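Number of protein chains: 2
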Amino acid sequence: MRTVTIADVAKHAGVAVSTVSYVLSGKRAISATTRQRVLDSVRALGYHPNAGARALASKRAKVIALVLPLRAGMNLPVLMQFATSVVTTARQYDHDVLLMTADEGADGLHRVAASALVDGLLLMDVEIHDPRVPLLRKLAEPSVLIGFPADPEGLTCVDLDFARAGALCADHLADLGHREIALLGAPRVVYERGTGFAERTMAGFVEAARRHGLEADARPCEESFDEVHAAVKLLLDERPALSGLVVHNEAAAGHVLGALRILGRRVPEDVSVVAICPDDIAERASPALTSVLIPAEDVGRQAVRLLMAKLEGQAVPESTLLEPRLTIRESSR
Amino acid sequence: MRTVTIADVAKHAGVAVSTVSYVLSGKRAISATTRQRVLDSVRALGYHPNAGARALASKRAKVIALVLPLRAGMNLPVLMQFATSVVTTARQYDHDVLLMTADEGADGLHRVAASALVDGLLLMDVEIHDPRVPLLRKLAEPSVLIGFPADPEGLTCVDLDFARAGALCADHLADLGHREIALLGAPRVVYERGTGFAERTMAGFVEAARRHGLEADARPCEESFDEVHAAVKLLLDERPALSGLVVHNEAAAGHVLGALRILGRRVPEDVSVVAICPDDIAERASPALTSVLIPAEDVGRQAVRLLMAKLEGQAVPESTLLEPRLTIRESSR
DNA sequence: GCAGGTCTTCGAAGCGCTTCGACGCGAAGG
DNA sequence: CCTTCGCGTCGAAGCGCTTCGAAGACCTGC
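Protein chains in written order, with this note's numbering: chain A, -2 to 330; chain B, -2 to 330.
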């Protein structure tokens, strides 16, 4: 069973090859009757355009690259959610997704771009001083970044508005009447890497707390139960009146609840806890966590849309910040 | 800056286009001097073969599809590990990876195969009665499955030997002198879906325990703290002498430790716990969990190797079971 | 000295698709 | 009635690469 080509379809429908092509692409008007005849033949023969030939002739591969970081400190569930939403959205635009890992580095990006394997690039978890950014500026292929490098000039970046997320938590606790609050953040290594989002959350939190006139401080937090336990204990020892806790660390969120339980503090009666984490984690915890979710799906969808717009040659904003959303559950009052 | 083609390289090196092609593919002998001249030109011009043209002419896209499930019950970290190892291994064979989600279904597989977008398929999390399996049998493109459908006849399947994994846990606990043990498995929905691996673990565990003459039982286990807590409590109430617990559920593993802590059982003094989970989860728990790891990396690497072998036309075994490995940590004695 | 090999390299024919220019034809305009 | 135009369709020229057959150069051995 030889694979069926556009010529087979043309013959079957009794038209020229180019006519079939125009029916399929819609780039020229074709009479309704001819169009239908062609479409019927396509169906009858089970025709699928050859991707390579199409790419060669049209200079469009209809594939985008998705570059995922694969490193400690990343939240896997969020990453998967993101990847899924990218794939799903890309398919809506009739594109496929080539998966790459960050360890291929700038060379890898250059390779897939230069070989015309992909039409555009989507990079996740861009760092403040990312070595790939200069390359992206140079590349003919459009790209969209998740996260912000130091200088987003000339790039297209999407991210959750982490500063707003931090602020939202502080606002929520302030509204509930808490006077002393704190934020437990990502592991120290994340701040050292300068990924940006962690600092921005802290900054937003501290700034909002200050605006409300609250006692607040923010510190990194490791992910093992013991370290979380120690951190929470230290915090409570230092500031006995602390009644509001924000956790921006998915892995630690559950442990914080466990530690409070062991330390004899009830949630939310004694301490209100707000997490910045995916909904599934917040819901699974007990008590269910009031949380600001990282809208991985939105980010992915939005990133693909921007990329598609750029592929069409449209102008897009350099920076897109997605509004965080607070969901109130059982852990705060 | 027009993109450089093989013709540019040929001109620059003063040879025929075909000569350049043969240098690059190594499919015909080329004299050392000519080869070097060509290679120099390639470097000088920064030539990257056009993927579409290459695919069209050679009928090989050098791309494989990776089909990931995106469903509840899957362990995300393992999945990512797996995806990473697939991408990395594929790159070693000079192939790229197209990411697909299971929700594209059989049609999606047919599409990418028929359009010659990919040369082969890698499916994860195949179910006992997977609707995609009949298609795979029919497809000209080779495929490799992770997991086993009911009838693996004519397919190529790879998986951890879950039965051995379950048995290994029982063996370990038996060796330590425990007489009453139990296994807490995946959420009920996983068994209902008939994915296979969960049952096989249970079966291996029960069988090995019986062989050792131990009291053993095995039951599903949900993932929220409260449900885990309840399950553990029930287990302990029913069988006060229980001293060995196997957890085959990454999400629940940490909660089991928390529940035991609350129920006043020390680990490992009162109860030994063994988990079947990725190493990172086992190490992060406190106490660190003795565990049988799911060798996601091995599985990915092996799957890609098999697929590459099939692409070369080599015969490969229908079934490949990867040996589990037990790592003893603090949670068992 | 020449048929027959071997070793390198070349030229050209596609691979399956898109796209540009052109053509035929009936309708509209003068 | 003849020109002009627009619509629908066709043919052919690539897109950049692989691969097959063959040619040229040089050796061998009889």
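The beta carbon of each residue, even a glycine, is placed where N, CA and C say it ideally should be. Remember, it's a predicted structure, so these values are computed and weren't measured experimentally.
Range of the contiguous alpha helix (DSSP H) that encloses residue i
i	result
R298(B)	A293 to L308
R338(B)	In the structure as shown, chain B begins at -2 and stops at 330. Residue 338(B) is therefore absent and cannot be evaluated.
L286(B)	L286(B) -> no alpha helix (DSSP H), and no H or E assigned at all.
G251(A)	E247 to I259
A110(B)	G102 to A111
R51(A)	A48 to S55
A7(A)	I3 to A10
L63(B)	Per DSSP, L63(B) belongs to no alpha helix (DSSP H); it is in the beta strand (DSSP E), V60 to L65.
V187(A)	R185 to R190
R25(B)	No alpha helix (DSSP H) contains R25(B), which DSSP labels as neither H nor E.
Assigned secondary structure, residue i (DSSP; H/G/I helix, E/B strand, else coil)
i	result
S18(A)	helix
V273(A)	Contrary to the premise, residue 273(A) reads as Ile rather than Val in this sequence. In the structure shown, I273(A) sits in a strand (DSSP, three-state: E or B).
V264(A)	coil
M77(B)	helix
I143(A)	strand
R208(B)	helix
S221(A)	coil
R161(B)	helix
M97(A)	strand
T86(B)	helix
R129(B)	helix
G201(A)	helix
A312(B)	coil
A213(B)	strand
V229(A)	helix
H169(B)	helix
E150(B)	coil
A279(B)	helix
Nearest residue (CA-CA) to residue i, options the options
i	options	result
I325(B)	D276(B), H92(B), Q299(B) and S18(B)	D276(B)
E196(B)	A205(B), D168(B), H9(B) and A215(B)	A215(B)
A200(B)	E220(B), R32(B), A164(B) and E224(B)	A164(B)
V123(A)	V229(A), L142(A), G105(A) and R88(A)	L142(A)
L119(B)	K307(B), E327(B) and L319(B)	K307(B)
A62(B)	A103(B), A26(B), S316(B) and G43(B)	A103(B)
A110(A)	T98(A), M121(A), P128(A) and A58(A)	A58(A)
L133(B)	R88(B), G151(B) and A279(B)	G151(B)
D158(A)	L67(A), S316(A), S329(A) and E320(A)	E320(A)
A4(A)	L42(A), T30(A), S22(A) and R32(A)	L42(A)
R298(A)	A279(A), D156(A), Y44(A) and V60(A)	D156(A)
L239(A)	A250(A), G251(A) and E266(A)	E266(A)
G11(A)	K24(A), V35(A), I27(A) and S28(A)	V35(A)
L114(B)	H9(A), A137(A), A50(A) and A87(A)	A50(A)
D223(A)	A87(A), A312(A) and G255(A)	G255(A)
R190(A)	I178(A), P146(A), E204(A) and I27(A)	P146(A)
M121(A)	T153(A), N246(A) and A171(A)	T153(A)
G310(B)	R263(B), D234(B) and D116(B)	D116(B)
L260(B)	L231(B), P284(B), A282(B) and A272(B)	L231(B)
Partners in chain A for residue i, counting only beta-carbon separations shorter than 8 Å
i	result
S283(B)	S221, F222 and D223
R108(B)	H45
V84(B)	L96, M97 and T98
R326(B)	Ordered by position in chain A, no residue passes the 8 Å Cβ test against R326(B), which lies about 13 Å from the chain.
R236(B)	Chain A residues near R236(B): none, gap ~25 Å exceeds 8 Å.
R190(B)	Simply none; closest approach about 18 Å.
Residue interval of the beta strand (DSSP E) (run including residue i)
i	result
C154(A)	C154 to L157
I178(B)	E177 to L181
L319(B)	S316 to L319
T324(A)	R322 to T324
G241(B)	G241 to V244
L120(B)	G117 to L120
Residue i: contacting residues in chain B (beta-carbon distance under 8 Å)
i	result
D276(A)	Within chain B, no residue comes near D276(A); the closest Cβ sits about 13 Å away, beyond 8 Å.
A58(A)	A48 and G49
D267(A)	The premise fails here: D267(A) is roughly 18 Å from chain B at the closest Cβ pair, so nothing lies under 8 Å.
D295(A)	Simply none; closest approach about 17 Å.
Neighbouring residues, chain A, relative to residue i (Cβ below 9 Å)
i	result
T81(B)	L65, L67, T98 and D100
A52(B)	N47, A48, G49, A50, A52 and L53
D122(B)	What D122(B) touches in chain A: nothing, since even the nearest Cβ is about 13 Å away.
Proximal residues of chain A, C-beta to C-beta of residue i below 7 Å
i	result
S112(B)	H45, P46, N47 and A48
Contact set between residue i and chain B, taken where Cβ atoms lie within less than 9 Å
i	result
G251(A)	F222, G251, H252 and G255
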